[in-house]
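**Student:** Sending over a structure as structure tokens; questions will come in a sec.
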Amino acid sequence: MSKKIYMLLPNRIYAGDGVRSALGQAVENHYAYPVFMNGELPRFSDYLKENIDWIRDMEGDVLQMGCDGAELPEGVELTPVTLEELGERLREADIIIPYGLSKQTKTPPPACGE
Amino acid sequence: MSADPNKLGIFVTSPQHMSHLVGIAKAAVRAGKKVMVFFTFKSVHLTKSPDFVTLANLCDIEDIAICADSYTCEGYDPEKDIPQGLTARQMRTQAYHGAVLDECGKYLVL
Amino acid sequence: MSDTKKILHIYRNEPCETVNKLVAIINRDRDVKEYALYKNKPNYDMLVQMIFEADQTISWW
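Residue numbers (my numbering), protein chains in the order written: chain W, 665 to 778; chain E, 30 to 139; chain P, 124 to 184.
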């Protein structure tokens with residue numbers, strides 16, 4: 665049975681991989697919803713952009729909470745949600761995955777690379 | 030395939046909770062439950078912990094796996110450096126997480 | 124027998140404000156239990172029992 669899976673991503677070091685992991689479940693016929701939280705966005709490589717498109721093609725969606733559209737690179741569209749909307753969506757989720765680590769106090773420096 | 034109500038799936042996404050992971054797995058086995066574990070992204074570093082073999086011994090051989098791509102991305106060699114406690118067959122893809130969701134009646138993220 | 128969904132929240136660390144707000148929404152009209160892994164020495168036997176009694180477990184960072 666297909667499940668609604670929410671992958672919660674408040675840490676930008678883990679955010680890109682969370683999308684990859686969510687896509688893995690979309691491929692397994694689940695509905696995958698990765699959520700970039702607290703305005704924490706990863707670097708949008710071509711690989712990540714493709715993964716986002718694939719998730720949408722497979723009836724999932726990629727959400728963001730806490731950043732305005734101006735922060736997104738050209739060609740990247742994320743569905744905005746408020747905290748309250750996310751909470752309501754999570755009530756309907758079969759699986760909720762707080763992924764990786766929580767939000768960092770400091771922004772990762774360029775030394776973190778991709 | 031329907032999920033086994035007596036099987037606990039654990040999706041390991043954080044590299045920080047090895048003691049909780051082993052503690053929960055031991056308690057589940059004590060309670061007569063089965064445990065199925067998948068490690069992804071930076072949690073694959075936990076395979077280098079001495080406790081990893083302890084964990085592997087608590088699971089059936091098919092019931093513990095790591096994401097081979099994550100292992101490679103973190104700099105390890107997925108062919109020459111298979112973690113102790115795993116076989117080459119348990120170097121898997123994210124599809125294994127799908128199997129955890131399908132097979133396990135209970136599910137936990139660490 | 125109650126058909127209210129039984130939710131177990133596990134906190135690996137002290138929950139932040141965002142987590143507390145999400146949990147409050149999720150918990151509405153639900154049968155809720157919580158377990159703080161970061162406090163004291165965990166009782167894993169009790170935790171496993173709670174996981175198997177719950178319909179859904181959410182393990183927050």
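C-beta atoms are modelled at their ideal positions from N, C-alpha and C, and glycine is treated no differently.
Should the region 86–96 of chain E be called in touch with the region 111–131 of chain E, which here means at least 3 C-beta pairs below 8 Å?
**Tutor:** Result yes; three or more Cβ-Cβ pairs closer than 8 Å.
**Student:** Establish whether the CB of residue 155 of chain P and some CB of chain E are separated by less than 9 Å.
**Tutor:** no
**Student:** Let's test the definition: count the other Cβ atoms within 10 Å of the Cβ of residue 110 of chain E and tell me whether it reaches 16, buried, or not, exposed.
**Tutor:** exposed
**Student:** As a quick exercise: from W:749, W:729, W:752, pick the residue whose alpha carbon is nearest that of residue 741 of chain W.
**Tutor:** W:729
**Student:** Check whether chain W comes within 9 Å of residue 97 of chain E, counting only Cβ atoms and requiring the distance to be less than that.
**Tutor:** no
**Student:** Alpha carbon to alpha carbon, what distance is there between residue 51 of chain E and residue 83 of chain E?
**Tutor:** Straight-line Cα distance between these residues: approximately 8 Å.
**Student:** Counting along the chain, where does the alpha helix (DSSP H) carrying residue 176 of chain P start and finish?
**Tutor:** 167–176
**Student:** Residue 737 of chain W and residue 704 of chain W look like a contact to me (Cβ under 8 Å); what is the Cβ gap, rounded to whole Å?
**Tutor:** The Cβ separation is near 15 Å, so there is no contact.
**Student:** Helix or strand or just coil, what does DSSP make of residue 708 of chain W?
**Tutor:** Three-state DSSP puts residue 708 of chain W in coil, outside helix and strand.
**Student:** With 8 Å as the C-beta to C-beta threshold (strictly closer), list the residues of the region 740–755 of chain W near chain P in chain order.
**Tutor:** 747, 748, 750, 751, 752, 754, 755
**Student:** Under the assumption that residue 684 of chain W contacts residue 772 of chain W (Cβ atoms under 8 Å), give the Cβ distance between them as a whole number of angstroms.
**Tutor:** That belief does not hold up - the Cβ atoms of residue 684 of chain W and residue 772 of chain W are roughly 18 Å apart, past 8 Å.
**Student:** Let's see if you can read the secondary structure: which residues bound the alpha helix (DSSP H) around residue 98 of chain E?
**Tutor:** 97–102
**Student:** Give every residue of the same chain whose Cβ lies closer than 6 Å to the Cβ of residue 671 of chain W, excluding the five residues on either side of it in the sequence, and list them in chain order.
**Tutor:** 682, 686, 698, 761, 763
**Student:** With distances taken Cα to Cα, identify the nearest neighbour of residue 136 of chain E among E:33, E:38, E:66.
**Tutor:** E:38
**Student:** Where do the N-terminal and C-terminal ends of the alpha helix (DSSP H) with residue 123 of chain E fall, by residue?
**Tutor:** Premise fails: residue 123 of chain E is in no alpha helix (DSSP H) and is neither H nor E.
**Student:** Chain E partners of residue 168 of chain P, CB-CB under 8 Å?
**Tutor:** In chain order: 56, 59, 60.
**Student:** So, helix, strand or coil for residue 111 of chain E, using DSSP?
**Tutor:** Coil at residue 111 of chain E, not helix or strand.
**Student:** Report all residues from its chain with a CB closer than 6 Å to the CB of residue 179 of chain P; omit the five preceding and five following residues, and keep chain order.
**Tutor:** 130
**Student:** The region 125–145 of chain P: which residues have C-beta closer than 8 Å to a C-beta of chain E, in chain order?
**Tutor:** 133, 135
**Student:** For residue 100 of chain E, which residues from the same chain have a beta carbon less than 6 Å from its beta carbon, with the 5 sequence-adjacent residues on both sides left out?
**Tutor:** 73, 107
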